[in-house]
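Some notes on the structure that comes next.
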Amino acid sequence: MEVRNYETVFIVTPVLNESQVQETVEKFTQVLKENSAAILSTEAWGLRKLAYPIQKKTTGYYYCLSYTGTGNIVDVLELAFRRDERIIRFLSTVLDKHAVEYNNRRRNGEMNLQKAAKETESVAQ
């Protein structure tokens, strides 16, 4: 099977404390490792307000996992999400080469450097 790049964003219920949230994230990274997926990054977006109430909750802890693996890895991960009551929502996407390049540049901070260069250039004029 072909190895692809994936990104999964999931929302953890806000009633958990920080250690329980970290434990939940570790559980899903372990599921990926057990199924021979290479984890590229784990980003904590923090506690955010939801667009609409889900299960009578208006906030949630957002996390983003970027990883590579074969096609069945998404099925395994989403099954684990469905079985865990701490997960409110999740969304998995396949990344094309442009999205992978963009994510790498964003993680390395190149986006902020370009923005800062444009701002200093406009100030100099």
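Residue numbers (the UniProt record's numbering): 1 to 125. Where a beta carbon is used, it is the ideal one built from N, C-alpha and C, also for glycine. These figures come from a predicted structure and were not determined experimentally.
Check	Outcome
Member of 49, 88, 54 and 68 whose CA lies at the smallest distance from the CA of residue 148	The requested residue 148 does not occur in the structure, where the chain is confined to residues 1 to 125.
Backbone secondary structure at residue 15 - three-state DSSP	coil
Pair within 8 Å by beta-carbon distance, residue 3 and residue 69	yes
Buried or exposed by the 16-neighbour rule on C-beta atoms within 10 Å, applied to residue 60	buried
N-terminal and C-terminal residue of the alpha helix (DSSP H) that residue 76 is part of	72-83
Check whether residue 67 and residue 6 have beta carbons under 8 Å apart	yes
Any 3 or more C-beta pairs closer than 8 Å across the region 68-82 and the region 42-56	no
Buried or exposed by the 16-neighbour rule on C-beta atoms within 10 Å, applied to residue 91	exposed
Whether residue 32 touches residue 73 by CB criterion (8 Å)	yes
Chain-order list of residues whose beta-carbon lies under 7 Å from that of residue 130 (same chain, five-residue window excluded)	As displayed, the chain neither begins before 1 nor continues past 125, which places residue 130 out of reach and without an answer.
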